[in-house]
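Number of protein chains: 2
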Amino acid sequence: MSGIFADRTTINSENRLAEMFGGNLGKDGIKFSAGNPDPELFPVTQIKKAFNNAINEYGNQIFEYQTISGFKKLRNYLAQRTIHTEDIKATANNILITQGGQQALDLISKLFLNNGDGIVVEAPTYVGALSAFEQYNPCYYDVTLKEDGLDLEQLELLLQAHPDIKLLYTIPDFQNPTGVTLSLNKRKKLVKLAEEYDFFILEDTPYRDLRYKGSRLPSIKSFDHHGHVIFVSSFSKILMPGLRIGWITADKSIIDQLSKLKASSDLETSGILLTALNQYIEDNNLDTHIVEMLPIYQKRLVTMLEVLDEKMPADVHYTRPEGGFFIWLTLPDVIDTQKLLNETCIPKDRISFVPGKVFYAHKNRRNSIRLNFSGVNEKQIKIGISKLAKSIESVITANKVETLL
Amino acid sequence: MSGIFADRTTINSENRLAEMFGGNLGKDGIKFSAGNPDPELFPVTQIKKAFNNAINEYGNQIFEYQTISGFKKLRNYLAQRTIHTEDIKATANNILITQGGQQALDLISKLFLNNGDGIVVEAPTYVGALSAFEQYNPCYYDVTLKEDGLDLEQLELLLQAHPDIKLLYTIPDFQNPTGVTLSLNKRKKLVKLAEEYDFFILEDTPYRDLRYKGSRLPSIKSFDHHGHVIFVSSFSKILMPGLRIGWITADKSIIDQLSKLKASSDLETSGILLTALNQYIEDNNLDTHIVEMLPIYQKRLVTMLEVLDEKMPADVHYTRPEGGFFIWLTLPDVIDTQKLLNETCIPKDRISFVPGKVFYAHKNRRNSIRLNFSGVNEKQIKIGISKLAKSIESVITANKVETLL
C-alpha cells in the first residue's frame with residue numbers, strides 16, 4: 098500500500114512541530130524551547146467556578162450540539178472587545194470561534210490554498226503556521242524580517258514578479274520566533290500593498306496584549322477598509338492554552354466561508370468550553386488578569402536581556418523585544434545550532450532551545466536560536482543563559498581554530 | 098478578488114450540512130430532522146462532578162498544552178474497551194483522540210485524498226462524511242445499500258474497473274441515514290476485498306452500542322489482520338455530543354500519520370475536556386449508562402414503526418432498524434421530498450425531516466426521507482408521523498390525479 102497517502106503527507110514528513118521539542122533534560126533541566134505561558138499564572142480557581150456556574154445556569158443544554166460559529170454571548174464579547182481595543186468594526190457575525198489559533202490557520206489555509214498557490218511568509222516565521230500551510234501544498238515566498246518587521250521593498254518586488262500571490266502571513270506584534278514588532282508605517286503600507294496587489298493579509302496576534310514596554314500599535318486590520326485583512330487571536334497566551342480557544346475576525350463573507358469549512362472539519366467547538374469561558378469573562382475581568390501578568394513576564398525578559406548582554410560573545414546578535422515570549426539569537430554563519438543543541442546543550446548543559454532552521458519555510462538557515470523567557474524563572478534564566486553563552490563561546494572558538502588550521 | 102478561494106469552496110458551496118435543518122417550526126413543532134441524542138439522558142450531575150474532580154486532582158497542569166494524541170489514561174481506557182468489546186488488539190498507541198467523529202473523518206480524508214482520488218461511499222450515506230470528504234475534491238463512487246448493507250457485487254465490479262480506489266466509507270451498524278446494518282458475512286467479505294484490491298475501509302461506528310433488538314455483530318475491524326480497517330467512534334451519541342470527543346483506532350503507522358495532521362490542524366484536543374471525561378469514566382460506569390438508555394430509545398423506535406405501519410400509504414417503504422437513531426422512508430419515484438418538506442410539512446404540519454437527496458454523493462435521488470426517533474417522545478411521534486402520513490398520502494393522490502389528467 099505504499100503511495101496510498103495523499104501528497105501532503107510527504108511534504109509534512111519533516112514534522113516541523115515535533116522537531117521543536119528537545120530531548121529529555123532531566124529534573125534540573127532548563128527549557129528555553131517551550132512556547133507556553135507560565136501555568137502558575139492560570140486563574141484555575143476562577144475557571145473552576147466558571148465551569149460550575151455555566152453548568153448550573155445552562156444545564157444539559159450546553160452538552161447538546163451548538164452552533165458552528167460558537168456561543169453567541171462569547172462572540173458578542175469578542176466583537177465588543179475588538180471594537181474597543183482594536184478600533185475594528187465588528188459584530189458577532191464577524192467572529193468565528195476556533196480550536197485555538199492553530200485551527201484558525203488551518204481553516205484559512207483551507208479556504209485560500211489550492212496546490213501550488215503562492216503565500217508569503219516572514220523569514221523566520223511561526224513553525225505551527227508553516228505546518229498548517231503545508232497541508233495544502235502551497236508555494237512559499239519568504240521575505241526577510243528586519244528590526245521593524247517585514248522588508249516591504251523585497252515584498253513589493255515579489256508581488257510584482259508573482260501576481261498569483263494570494264495570502265501573506267504575519268505576526269506583527271512580538272513575533273514568534275523573533276520578538277520583532279512591525280512598525281506603524283509598515284502596517285499602513287502593508288494594507289495599501291494588499292489593496293494594490295489584491296491579496297489577503299493573515300494577521301496573527303497571540304502575543305499582542307503582552308506588551309511590557311513602549312506603546313501599543315494599531316492592528317493592521319484597523320487600517321483595512323476593503324476586507325483584505327483577516328485577524329486571528331487566541332486565549333492561549335493571555336489566559337490558558339488548554340482551553341484550545343481562538344477566534345477569527347473578518348468580513349462576514351469570509352467568516353461564512355470559513356464556517357462551512359469549520360463544520361466539515363469538526364462541526365463546532367465544544368459548547369461547555371465556550372460557555373465556561375464566557376462565564377469566566379462575565380464573572381472576572383480578563384484585562385485585569387492580563388495586566389497582572391505583565392510585570393512578571395517583563396522581569397523575565399529584562400533578566401534574560403541582562404544576562405545575554407553580560408555573557409554572550411560579541412559576534413552573537415539578538416533582538417530586544419518589547420513584549421511576547423521570545424528572544425532571537427543570530428550566531429556566526431558557520432555555526433549549526435541544531436548540532437550545538439544535540440551535542441552540547443541537551444546532554445551537557447541540560448538546557449534546551451529551538452534551533453532556528455525549523456522557522457524557515459525553506460529551512461536554509463542554521464545559525465539561529467529561539468529562546469523562550471515566559472516559562473522560566475529568573476534563577477533559571479541566569480543559570481541557563483550563562484551555560485548557553487559558554488557553550489556558544491566554545492563552539493565559536495573551536496570554529497575559529499578550525500578555520501585557522 | 099473573485100476566484101481567490103480554493104477550488105474546494107466551490108464544491109462545498111452546496112453546504113450539505115446547512116441544508117439538513119428545516120425552517121422554523123414554532124413552539125409546538127416536531128423535529129424529526131435532528132440527529133441528536135435526547136439531552137434529558139445526559140448525566141449532567143456526574144459530568145459536573147467530573148470537571149470538579151479533574152481540576153482538583155490535576156490543577157493548572159490540565160490547562161497547559163498537552164499531547165497531540167490525547168490524555169494517556171483515556172487512550173488506555175479506550176484501548177482496553179476496544180479489546181474487550183470489539184475483540185480488536187489495541188494499545189494507547191493505536192488510539193488518536195479527535196474533536197468528535199467529524200474531525201476523525203476530516204483527518205482521514207486529509208491523510209488519503211489527493212484531488213480526484215477515488216472513494217467509495219454508500220448510497221445514501223452520512224451527510225457530514227460527504228461534507229468532510231468534499232474538502233479534498235475526491236471522485237465519488239457510490240454503491241447501493243441493500244437491507245443487509247452494501248451491495249458487494251456492485252462494489253467488486255467498481256473495484257475491478259477503478260483500481261485507483263483508495264478508501265471505502267461505511268457505517269456498518271444502524272447506518273445514518275437508513276438504520277441498515279451490514280450482515281456478518283458481508284463484514285468478512287469486505288475485509289477480503291480490501292486485501293485483494295488494496296484499499297482502506299473507514300468503519301464509522303457512532304451508533305454501534307445503541308442496539309435495541311437482536312445480537313451485536315463483530316466489527317469489520319475485528320476481521321482485519323493486515324491493517325486495512327480504520328475504526329472510528331465517538332462519545333456524541335452514547336454520552337453527550339457537546340464534549341466533541343471521538344477517537345480513531347488503527348495501526349500505529351496510520352495513527353502516527355494522523356497525529357501529525359491533527360497537530361497541523363488544531364494542535365490537540367482540550368486537556369480539560371479529556372481529563373474530565375476520563376474522570377467521569379473512572380467514577381461511573383459508561384456501559385451501565387448506555388444500557389439504561391436503550392429501553393427509552395427502543396420504545397421510540399417501536400412506536401414510530403407502529404405508527405408508520407398503521408398510517409403510511411402502501412407505496413411508501415421503510416427500513417426496520419434494530420438500533421441507532423433513524424428510519425429511512427422511500428416514497429414513490431415521482432415525489433420530491435424537499436418540495437414536500439418546504440411546501441407542506443414545515444408550513445402546515447409544523448414537522449421537519451431531512452429530505453433524502455442530501456445523503457447521496459451525487460444528489461440524484463429525491464424521493465426519500467430520514468426520520469429521527471431519538472430526539473422525540475412517543476406523543477410527538479404519534480402526532481407527527483400521523484401528520485406526515487396524511488401529507489404523503491395527499492401528495493401521492495395529487496400525483497396520481499396529475500398522471501391521469
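Protein chains in written order, with the numbering used here: chain Z, 98 to 502; chain E, 98 to 502.
Glycine residues also receive a C-beta, built at the ideal position from the N, C-alpha and C atoms.
Cutting at 8 Å between CB atoms, please list the residues of its own chain near residue i, excluding the five before and the five after it.
| i | result |
| --- | --- |
| I506 (chain Z) | No answer is possible for residue 506 (chain Z): the residues shown for chain Z start at 98 and end at 502. |
| V473 (chain E) | I127, K128, F129, R397 and G481 |
| W425 (chain E) | P221, P274, T275, G276, V277, Y415, T416, G453, S465, I466, R467 and L468 |
| Q143 (chain Z) | Y377, D380 and N381 |
| C236 (chain Z) | G213, D214, G215 and I216 |
| M98 (chain E) | Bear in mind that the predicted position of M98 (chain E) carries a pLDDT of just 45, short of 50, making it unreliable; the figure below should be weighed with that in mind. Taken in chain order, the list of residues that qualify is empty. |
| P475 (chain Z) | Pro is not the amino acid found at residue 475 (chain Z); the sequence shown has Glu there. Excluding residues within five positions, the ones whose Cβ falls inside 8 Å are K396, R397 and T400. |
Which bits of chain Z does residue i rub up against, with CB to CB less than 7 Å?
| i | result |
| --- | --- |
| M337 (chain E) | F160 |
| G368 (chain E) | G339 |
| Q477 (chain E) | In chain order: nothing, as chain Z lies at least about 17 Å away. |
| N381 (chain E) | Near N381 (chain E) there are no residues of chain Z at all, since even the closest Cβ is about 15 Å away, more than 7 Å. |
Output, in chain order, the set of chain E residues within a Cβ distance shorter than 8 Å of residue i.
| i | result |
| --- | --- |
| Q354 (chain Z) | F102 and T106 |
| E244 (chain Z) | Those within 8 Å of E244 (chain Z) in chain E number zero; the least Cβ separation is about 30 Å. |
| K263 (chain Z) | I101 |
What is the C-beta distance between residue i and residue j, in whole angstroms, given that I count them as a contact (C-beta under 8 Å)?
| i | j | result |
| --- | --- | --- |
| E300 (chain Z) | K318 (chain Z) | 6 Å |
| L193 (chain Z) | I345 (chain Z) | 5 Å |
| D203 (chain E) | S228 (chain Z) | That pair is no contact at about 16 Å. |
| G213 (chain E) | N234 (chain E) | 6 Å |
| D184 (chain E) | P303 (chain E) | Actually they do not touch by this definition, with Cβ atoms about 19 Å apart. |
| I369 (chain E) | F160 (chain E) | 6 Å |
| A458 (chain Z) | V329 (chain Z) | Contact flag wrong, Cβ pair sits at about 19 Å. |
| T107 (chain E) | Q354 (chain Z) | Not quite, the Cβ-Cβ distance comes to about 11 Å (not below 8 Å), so this is no contact. |
| R136 (chain Z) | N157 (chain E) | Reading off the sequence shown, one finds Pro at residue 136 (chain Z), where the question assumed Arg. 4 Å between Cβ atoms; contact. |
| L254 (chain E) | L290 (chain E) | About 11 Å; that fails the 8 Å criterion. |
| F209 (chain Z) | L264 (chain Z) | 5 Å |
| V455 (chain Z) | V218 (chain Z) | At roughly 13 Å, the Cβ-Cβ gap does not stay under 8 Å, so V455 (chain Z) and V218 (chain Z) are not in contact. |
Under 8 Å Cβ-Cβ, which residues of chain Z neighbour residue i?
| i | result |
| --- | --- |
| G156 (chain E) | V141 |
| L208 (chain E) | F102, A103 and T106 |
| Q163 (chain E) | G339 |
| Q232 (chain E) | K207, L358, S361 and S362 |
With DSSP run on the structure shown, which of helix, strand or coil describes residue i?
| i | result |
| --- | --- |
| T302 (chain E) | coil |
| N149 (chain Z) | helix |
| T226 (chain Z) | The identity of residue 226 (chain Z) in the sequence shown is Ala, whereas the question assumes Thr. In this structure, A226 (chain Z) counts as helix in the three-state DSSP scheme. |
| G215 (chain Z) | strand |
| P338 (chain Z) | helix |
| G198 (chain E) | helix |
| I345 (chain E) | strand |
| R467 (chain Z) | strand |
| A585 (chain Z) | No answer is possible for residue 585 (chain Z): it lies beyond the span of chain Z, which begins at 98 and ends at 502. |
| T416 (chain Z) | coil |
| S110 (chain Z) | At S110 (chain Z) the pLDDT is 46, less than 50, meaning the model places this residue with poor confidence and gives no usable figure here. |
Can you pull the chain Z residues whose beta carbon is under 9 Å from the beta carbon of residue i, in chain order?
| i | result |
| --- | --- |
| F148 (chain E) | K145, F148, N149, I152, I369 and A373 |
| A229 (chain E) | S361 and S362 |
| D203 (chain E) | S361, S362 and D363 |
Here's a check: name, in chain order, each residue in its chain whose Cβ is nearer than 6 Å to the Cβ of residue i, leaving out the five neighbours to either side.
| i | result |
| --- | --- |
| S110 (chain Z) | Residue placement at S110 (chain Z) is poorly supported in this model, since its pLDDT is 46, which falls under 50; the coordinates still yield a value, given next. Contacts found: none. |
| L428 (chain E) | V413 and N464 |
| S483 (chain E) | K408 |
| I165 (chain E) | S356, K359, A360 and E365 |
| L371 (chain Z) | G167, F168 and L171 |
| D433 (chain E) | R463 |
| V431 (chain E) | N496 |
| G324 (chain E) | D348 |
At the 9 Å Cβ level, is residue i part of the contact set with chain C, yes or no?
| i | result |
| --- | --- |
| A360 (chain Z) | Going by chain labels, chain C is absent from the structure shown, which instead holds the protein chains Z and E. |
CB-CB under 7 Å to residue i, same chain, minus the five flanking residues each way: which ones, in chain order?
| i | result |
| --- | --- |
| I478 (chain E) | R397, T400, M401, V404 and F470 |
| G100 (chain Z) | none |
| F320 (chain Z) | R284, K285 and V288 |
| G246 (chain E) | P269, V277, T278, L279, S280 and K283 |
Mind listing the chain E neighbours of residue i? Cutoff is C-beta to C-beta under 9 Å, in chain order.
| i | result |
| --- | --- |
| E137 (chain Z) | N157 |
Would you say the beta carbon of residue i comes nearer than 8 Å to a heavy atom of the ligand FMN?
| i | result |
| --- | --- |
| T441 (chain Z) | You won't find the ligand FMN in this model; it holds no ligand whatsoever. |
Along chain E, in chain order, which residues have C-beta atoms closer than 7 Å to that of residue i?
| i | result |
| --- | --- |
| Q200 (chain Z) | S362 and D363 |
Practice task
Mind the definition here: the region 260-278 of chain E touches the region 418-427 of chain E only if three or more C-beta pairs lie below 8 Å; say whether that holds.
Solution key: yes
Exercise for the section: Decide if the region 429-444 of chain Z is in contact with the region 143-156 of chain Z; the criterion is three or more beta carbon pairs, one per stretch, under 8 Å apart. Expected result: no
Practice task
Would you check if there are 3 or more beta carbon pairs closer than 8 Å linking the region 381-391 of chain E to the region 328-336 of chain E?
Solution key: yes
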